[in-house]
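Below is one structure, written out as structure tokens; the observations come after it.
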Amino acid sequence: MVELLFPTVSRDHSQPAGHRVPEHLLRHIPGKLLIVWDGLTGHRSRITWEFIRQQRGRLWVEFLPGYAPDLNPVEYLWSHWKQHELPNFCPQNFAQLSHYARKALRRMRKRPTLVIAFWRQAELFPL
167 MVELLFPTVS
177 RDHSQPAGHR
187 VPEHLLRHIP
197 GKLLIVWDGL
207 TGHRSRITWE
217 FIRQQRGRLW
227 VEFLPGYAPD
237 LNPVEYLWSH
247 WKQHELPNFC
257 PQNFAQLSHY
267 ARKALRRMRK
277 RPTLVIAFWR
287 QAELFPL
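Just remember that this note's numbering sits 166 ahead of the position in the sequence shown, which is counted from 1.
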């Protein structure tokens with residue numbers, strides 16, 4: 167099963183927090199979990215890797231190659247989002263942008279064929 171889980175987190179970005187999203191997912195998704203990450207520094211932090219080791223095989227992480235946006239399904243998500251979900255949208259403030267962006271992501275999650283299309287376009291896994 168492929169599902170788009172796109173957490174949005176408001177926090178102080180001065181501290182690595184790559185373990186927070188997997189921690190949340192593991193509480194809500196039974197069984198093993200594969201996470202495909204980009205090379206964000208927080209994803210490779212000592213705290214994050216310690217958390218992954220503590221999961222004893224329940225959590226598996228794969229990294230996308232660096233400087234290869236064409237292999238990152240999220241890049242296709244952003245493209246669709248900008249061209250189809252929020253075109254010509256000019257928010258009055260950050261709160262309005264955040265509200266409409268989250269609504270658009272929720273709409274996109276309800277379209278599994280769209281999510282699978284992002285993965286197919288990236289040509290990472292046969293689906």
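Yeah, the Cβ is synthetic: ideal placement off N, Cα and C, and Gly gets one too. These numbers were taken from a predicted model, which means no experiment stands behind them.
Whole-angstrom distance between residue j and residue i, CA atom to CA atom
i: Trp161; j: Gly205; result: Nothing about residue 161 can be read from this structure; the chain reaches only from 167 to 293.
i: Leu200; j: Cys256; result: 36 Å
i: Lys269; j: Gln221; result: 32 Å
i: Ser211; j: Gln262; result: 32 Å
i: Trp215; j: Ala267; result: 30 Å
i: Asn254; j: Phe260; result: 16 Å
i: Val187; j: Ile213; result: 13 Å
i: Lys276; j: Gly232; result: 30 Å
Neighbourhood of residue i by C-beta distance below 8 Å, restricted to the same chain and skipping five residues each side
i: Met274; result: Leu170, Leu243, His246, Trp247, Glu251, Leu280, Val281
i: Asp236; result: Ala288
i: Trp226; result: Lys198, Leu199, Leu200, Ile201
Pair within 8 Å by beta-carbon distance, residue i and residue j
i: Phe217; j: Glu189; result: yes
i: Trp203; j: His209; result: yes
i: Arg219; j: Leu192; result: no
Beta-ladder partner(s) of residue i, from DSSP
i: Trp203; result: Phe229
Cβ neighbours of residue i in the same chain (closer than 6 Å, five flanking residues each side left out)
i: Glu241; result: Pro235
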